[in-house]
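Accompanying notes for the structure given below.
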Amino acid sequence: MGAGKSSVGKRVAKALGVPFTDTDRVIAREHGPIPGIFADRGEPAFRALEAAAVRAALATGGVIAVGGGAVTHAATRDALAGARVVLLTVSPEAVADRIAGSDRPLLANGGIDAWQTILDERAATYAELAHAVFDTSRRPMSHVVDDVVAWLRADATTNEGTP
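For any residue, its number in the numbering used here is found by taking its place in the sequence shown, counting from 1, and adding 180.
Structure follows, in structure tokens:
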């Protein structure tokens, strides 16, 4: 949450010449604003929509940015198990500016403290799913993108896949 998944993902996809899908945007386009889904239907309903969006995006291929909480849903974790997963991390200090004034439902009543609690709860799952980790805290986005692209290309060569 606030690590730059959408911004970095879009640029990585462009560098690789592959499609980019932001599952949060897909959900908002198809079902309405995410805060409204949380308010009207609850987090479990949102996570089910998210799992479906992740499966559809994986079937399409390319670079996919999934919401930070996607990994809390077993179906999403199962779907991601067969993909190369890049984890973008960010320090609390750097994320404070990025999430200030956001309408993220899970941060509505706690700001950076809520962010840290959520991160702590998800850390083991993130570590389990991630094949590579890149910190976005204070590095220029172009450097993060270059590093992710280089890793994906090297990993694809090692595993005889394509980026």
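Note that beta-carbon positions come from the ideal geometry of N, C-alpha and C, so glycine has one too. On a predicted model such as this, the values are computed, not experimentally measured, just so you know.
Collapsed DSSP secondary structure at residue i in the structure displayed
{"i": "A312", "result": "strand"}
{"i": "P343", "result": "Here the model assigns P343 a pLDDT of 48, short of 50, so the residue's position is not dependable and the matter cannot be decided."}
{"i": "A334", "result": "helix"}
{"i": "S317", "result": "coil"}
{"i": "G291", "result": "helix"}
{"i": "G262", "result": "coil"}
Terminal residues of the alpha helix (DSSP H) in which residue i lies
{"i": "A250", "result": "Segment: none, A250 is in no alpha helix (DSSP H) and carries neither H nor E."}
{"i": "V206", "result": "T203 to H211"}
{"i": "A245", "result": "A245 -> not in any alpha helix (DSSP H); beta strand (DSSP E) instead, spanning V243 to A245."}
Bounding residues of the beta strand (DSSP E) (the contiguous stretch that carries residue i)
{"i": "A183", "result": "That residue, A183, is in no beta strand (DSSP E); it is neither H nor E in DSSP."}
{"i": "V198", "result": "Looking at the DSSP string, V198 is not in any beta strand (DSSP E), and its letter there is neither H nor E."}
{"i": "V234", "result": "V234 -> not in any beta strand (DSSP E); alpha helix (DSSP H) instead, spanning E223 to T240."}
{"i": "V266", "result": "V266 to T269"}
Close Cβ partners of residue i (< 8 Å) along its chain, the five nearest in sequence each way excluded
{"i": "R302", "result": "G248, G249, V251 and T252"}
{"i": "A193", "result": "P199, F200, G242 and V243"}
{"i": "R257", "result": "V251, T305 and L309"}
{"i": "P351", "result": "Because the chain is modelled from 181 through 343, residue 351 falls outside the range shown and cannot be assessed."}
Exposure label - residue i; buried when at least 16 CB within 10 Å
{"i": "P343", "result": "Residue confidence is low: P343 scores 48 on pLDDT, short of 50, so the model does not pin down where it sits. Its coordinate-derived value is still stated next. P343 is buried by the Cβ-count criterion."}
{"i": "A254", "result": "exposed"}
{"i": "R209", "result": "exposed"}
{"i": "A183", "result": "buried"}
{"i": "E230", "result": "buried"}
{"i": "T240", "result": "exposed"}
{"i": "A233", "result": "buried"}
{"i": "A259", "result": "buried"}
{"i": "G189", "result": "buried"}
Proximal residues to residue i (C-beta, below 7 Å), its chain only, five neighbours per side dropped
{"i": "Y306", "result": "V251 and L267"}
{"i": "S186", "result": "D202 and A245"}
{"i": "A263", "result": "L238"}
Cβ of residue i within 8 Å of any chain C Cβ
{"i": "L268", "result": "This model lacks chain C altogether; it includes just one protein chain."}
Cβ neighbours of residue i in the same chain (closer than 6 Å, five flanking residues each side left out)
{"i": "W331", "result": "A312"}
Given 8 Å, three or more beta-carbon pairs between the region 262-278 and the region 307-315: Yes: at least three Cβ pairs fall under 8 Å.
Touch test, the region 198-217 against the region 323-334, Cβ-Cβ under 8 Å, three pairs minimum: Contact between the region 198-217 and the region 323-334 is absent, because fewer than three Cβ pairs lie under 8 Å.
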